[in-house]
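Visitor: First the structure, then my questions, so here it is.
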Amino acid sequence: MLIEKGYDVNSILWSPTELKLVYTVDKVGYGRTSDNVVYLYDPLLGVSKEVYKGGDALYFSPNGRFLLIHSCYKDEKNETRWGLVLADVQTLKTSVLVEKDASGAADWSPDGKKIAYHTYPGFEIWLLYLDGGIKKKEKIASNGDWPSFSPDGEYVAFLGYGLSKPRLDLEVSQDLCVMDLKTGTWKQVTFDGVCCDFRFNPKVSHLIAYVSLTTSVEKGKLFLYKLNKVEKVVISEKELSLFNTSYFSPPWSWSPDGRYIAYIQEGELWIAGPFNK
């Protein structure tokens, strides 16, 4: 066991490049992120090192050198503030990327030189250009959430709010949008306001799969969109159950080579493909 009895571990994350594990521990037991302590564990040495107090570890950089942490602290008015902190895994030095109003929705570019993140309550999407620190900061969208880079790093997909009329059973509308970072332009992919989940193909940047809600907020259908052909393809003929799932563990998944999509339809396992020939 890595920690003393009486403490709760509430998140774990393996490095993508070496045998190291990051985990967060609630040192007080009240379930507050501000009470969390982030540790780095080396199984080969059997040693844990403290990385950061007051946050949750989100993602390693693609090369495993840096760790993105969603920080939480109380300001001078005793109000909760959320930010983003970058930790150097080798030196354990930390630097503040975003001081406040950053949500936990963020993503690294494949080359590790950019971070896309979402603000709350501003609901904006920003890009941080990194070069040993923040080289540049740029807002790329308003009224958006859940930014995600394409595998070549040339696109950022996100959910845009208020672009369509919301359905009666929904508070807001969400549509899939894709930003071309080379041209600085973005296109709206869906127009029904019920997109709730999406993933780029892990190998081909012009293929993106997404789920649109159907009869309720707990059911949806899976589609494939081809950016290079502006074409939509239905993947699941029947509804997928979205109950008890989250953005990080949806009822569907791309294969690592990007050729297939596995999904759960009415309790049955289905596989669609091959794609990206």
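Residue 1484 is where the sequence shown starts when you use the working numbering, and the numbers rise one by one after that. Each residue gets a CB set at the ideal place from its N, CA and C atoms; glycine is no exception.
1. Are three or more beta carbon pairs between the segment 1570-1577 and the segment 1596-1611 nearer than 8 Å?
2. Measuring straight from C-alpha to C-alpha, what distance separates Y1746 and Y1693?
3. Who are the near neighbours of L1569 in its chain, counting only those whose CB is closer than 7 Å to its CB and skipping five residues on each side?
4. Throw me the rounded Cβ distance for the R1610 and I1623 pair, which I believe falls under 8 Å.
5. When the Cα of R1742 is compared with those of H1553, V1713, G1750 and L1690, which residue comes out closest?
6. Rounded C-beta distance between A1585 and G1616? I'm assuming under 8 Å.
7. May I have the straight-line CA-CA distance separating W1629 from A1589, to the nearest angstrom?
8. Please return the same chain residues whose Cβ sits closer than 6 Å to the Cβ of Y1708, not counting the five positions on each side in sequence.
9. Taking just the CA atoms, how far does K1557 sit from G1537?
10. So I1495 is in the beta strand (DSSP E); what residue range does that whole segment cover?
11. At a Cβ threshold of 8 Å, is D1628 touching chain D?
12. What first and last residue would you give for the beta strand (DSSP E) that runs through G1643?
13. Using 8 Å for Cβ pairs, my map puts D1761 next to D1525. What's the rounded Cβ distance?
14. So, under 8 Å CB-CB, S1494 and T1507 are touching, yes? Tell me the CB distance rounded to an integer number of Å.
15. Within a Cβ cutoff of 8 Å, which residues of the same chain sit near N1665, ignoring the five residues on either side of it in sequence?
16. Considering only C-alpha positions, which residue in the set E1501, S1592 and F1683 is nearest to P1739?
17. Should L1504 and L1527 be called a contact, given that it needs their Cβ atoms to be closer than 8 Å?
Guide: On the basis of the supplied data:
1. no
2. 12 Å
3. F1549, L1551, T1577, S1578 and L1580
4. Note that residue 1610 is Leu in the sequence shown here, rather than Arg. Their Cβ separation, rounded to whole angstroms, is 6 Å, which keeps L1610 and I1623 in contact under 8 Å.
5. L1690
6. Going by Cβ atoms, the distance from A1585 to G1616 rounds to 17 Å, so no, they are not a contact pair.
7. 7 Å
8. V1672, I1691 and K1715
9. 10 Å
10. D1491 to W1497
11. The question asks about chain D, but that chain is absent: this structure has only one protein chain.
12. Y1638 to Y1644
13. With the chain covering only 1484 through 1760, there is no way to say anything about residue 1761.
14. 5 Å
15. Reading the sequence as shown, one finds Lys at residue 1665 and not Asn. Here the set comprises E1637.
16. F1683
17. no
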